[in-house]
Amino acid sequence: MNIAVFVSGGGTNLQAIIDEVKFGSLTNVKIKIVIASKDDIFAIKRSKNENIPCKVISKKEYSNLIEYDKALIQALKEYNIDLVVLAGFLSRIGSEFISFYKNKIINIHPSLIPAFCGNGMYGIIPHVEVIRKGVMITGATVHFVDEDYDNGPILLQKAVRVFSSDTPQILQKRVMDEAEHVILPLSIKLISENKVKIIDGKAKIEDDDFIPYIV
Ligand code: GRF
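Given below as structure tokens:
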């Protein structure tokens with residue numbers, strides 16, 4: 197299965213996918229291209245280290261969302277992409293791209309959707325809010341992308357404990373290490389094995405041996 201990975205930051209989720217392709221469970225997956233939303237991010241170095249083609253496509257260089265979508269579609273055209281993975285990607289994708297890759301775009305969000313998600317909830321902010329609200333359990337969610345922020349069918353979630361001593365940074369790292377970097381590669385694996393179907397707007401895993409993640 198050919199995938200494109202979209203990045204905007206440090207690329208630790210990209211690295212988790214790279215490592216699973218090289219050493220782990222993603223033996224039938226190939227990262228054909230990395231799309232970066234800006235040029236000064238460590239995720240680009242991670243893709244260069246693996247000789248993965250990388251293109252910077254910055255939304256501010258396009259006059260509108262339709263032109264931006266067209267540039268993204270054009271950039272992927274030659275790679276015959278089966279799945280688009282948003283891995284810490286912070287730019288909004290438009291309806292043209294979403295319908296072109298209908299039910300073939302997944303995103304990792306650093307909270308248990310529908311909590312702490314939606315417009316403005318990205319990066320460290322969900323973790324700041326989790327601590328401010330005093331909740332005991334947070335985690336990460338992989339979901340299919342539709343035209344609203346963090347709103348498409350949920351595929352996998354994994355819960356993580358919140359400790360009273362946590363700072364947002366400590367909590368973010370725990371959520372990334374214990375949840376994001378686990379369920380994103382696992383989601384890609386399930387899709388690569390054709391074990392995921394979207395039925396009545398819900399993602400269904402067709403594998404009796406698979407145990408959905410719980411805390
Ligand atoms: C992190 O805040 C992560 O929780 C979210 O995107 C940000 C950057 O992730 N998914 P990455 O290190 O670039 O994968």
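For the sequence shown, position 106 matches number 302 in this note's numbering, and the numbering has no gaps at all. Built from N, CA and C at the ideal position, the CB exists for glycine as well.
Relative to the ligand GRF, the nearest heavy atom lies less than 7 Å away from the CB of Met372. When the five nearest sequence neighbours on each side are left out, the beta carbons in the same chain lying within less than 6 Å of the beta carbon of Ile248 are those of Ile227 and Val230, in order along the chain.
Cβ contact annotation for Tyr275 (same chain, cutoff 7 Å, sequence separation greater than five): Asn198, Ala200, Lys228 and Ile229, in chain order.
Leaving aside the five residues that flank Gln368 on each side, the residues in its chain whose CB is nearer than 6 Å to its CB run, in chain order, Ile320 and His323. For Phe238 and Gly207, the gap between their C-alpha atoms comes out near 6 Å. For Phe359, no pairing in a beta bridge is given by DSSP. Every residue with a CB closer than 7 Å to a heavy atom of the ligand GRF is listed here in chain order: Val203, Ser204, Gly205, Gly206, Gly207, Thr208, Asn209, Leu210, Ala239, Ala283, Gly284, Ile304, His305, Pro306, Tyr318, Gly319, Ile320, Gln368, Val371, Met372 and Glu376. Residue pairing from DSSP places Ile227 in a beta bridge opposite Ile199. Counting only runs of at least 4 residues, the segment 241-309 fully encloses the following alpha helix (DSSP H) elements, listed from N- to C-terminal order: 261-273 and 291-296. Out of Asp373, Leu272, Ser287 and Gly330, the CA that lies nearest to the CA of Val341 is found in Ser287. Our two residues, Asn245 and Ser360, have alpha carbons roughly 38 Å apart in a direct line. Boundaries around Val392 are those of the beta strand (DSSP E), Val392 to Ile395, since no alpha helix (DSSP H) includes it. DSSP, read as helix, strand or coil, puts Val331 in coil.
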